[in-house]
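Engineer: To convert, note that position 154 of the sequence shown is 169 in this note's numbering; the numbers rise steadily by one, no gaps. For reference, the structure I am asking about is given below.
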Amino acid sequence: MAAGKIHSMESMGLVDGPGIRTVIFLQGCSLRCRFCHNPDTWDFDGGETIEPQELVQKIARFRPYFKDNGGVTFSGGEPLMQPEFLSETLRLCKKEGIHTCIDTAGCGTGNYDEILKYTDLVLLDIKQVEEEAYRHMTGRSMDHFNQFLQALKDHGTPIWIRQVVIPGMTDSRDYMEQLKRYVDNIPNVEKVELLPYHLLGANKYEVMGVPYPLCGVPAMDKDETANLQKEFFGGYDHV
């Protein structure tokens, strides 16, 4: 049984899937997104080493909070970077009757069939929808993302799309039209959520001694984001 590295846990997540969620943040991510607000999860160093069974025991303690309409969400970092640990933890969660969700950018190391076998919902973070722009935003090609997306299509896993709206990068009407066309070609999308870019993670870069890639870019206006959401994707509560 593969041990894993987790960064932290949140017991009352309200924006990480349906209902009240226990959110597990895993260490490790191969992307270097220009807007990342969790750079402290990039490396596998640090965090807590834990066995799947022990983690599921911790998650099960929060069952009175998430009840029937909530569950657990695995985030990060990039949870797909620890495939054996993730798949075994998901399997044990399903054995306990716990609803499972993965919040992912789709850039892992494989084992997707085994992971998705025990996954009820995927929150799929879209960085960009075109190769050159994706590489500029993340520092990587879209190859790994495309492999995971194909696995999602093959399994028919329900998907909630998430797109961070960044001034001057992903906030134009042209980009929204491009995003809508892209999403329309994914058969199992239940809804799309536009998330306004914020500056809450910028101080972490200073503490880590790492230059902040979007220094000088303002936070995205929430009302403008909501208007784009309503116009292109039917509102935040539309499924």
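For every residue, glycine included, the Cβ atom is placed at its ideal position computed from N, Cα and C.
Can you name the start and end residues of the alpha helix (DSSP H) that E147 belongs to?
Structural biologist: 146-153
Engineer: Using beta-carbon positions only, say whether G91 and C44 come within less than 9 Å of one another.
Structural biologist: Yes, the Cβ-Cβ distance between G91 and C44 is below 9 Å.
Engineer: Helix, strand or coil for D31? Go by DSSP, reduced to three states.
Structural biologist: If DSSP states are grouped into helix, strand and coil, D31 belongs with coil.
Engineer: Would you tell me roughly how many angstroms separate the C-alpha atoms of A163 and N218, rounded to the nearest one?
Structural biologist: It is worth fixing the name first, because residue 163 is Phe in this sequence and not Ala. Here the C-alpha atom of F163 lies approximately 32 Å from the C-alpha atom of N218.
Engineer: Just how far apart, CA to CA, sit G19 and V38?
Structural biologist: 15 Å
Engineer: Does K142 pass the burial test, meaning 16 or more other C-beta atoms within 10 Å, or should it be called exposed?
Structural biologist: buried
Engineer: Let me know the secondary structure DSSP gives R177 once reduced to three states.
Structural biologist: strand
Engineer: Hey, could you find the ends of the beta strand (DSSP E) L209 is sitting in?
Structural biologist: 204-211
Engineer: What would DSSP say about V232, mapped onto helix, strand or coil?
Structural biologist: coil
Engineer: List the endpoints of the continuous beta strand (DSSP E) containing D158.
Structural biologist: Premise fails: D158 lies in the alpha helix (DSSP H), 158-170, not in any beta strand (DSSP E).
Engineer: Does L29 pass the burial test, meaning 16 or more other C-beta atoms within 10 Å, or should it be called exposed?
Structural biologist: exposed
Engineer: Start and end of the alpha helix (DSSP H) containing D55?
Structural biologist: Note, D55: premise wrong, no alpha helix (DSSP H); not H, not E.
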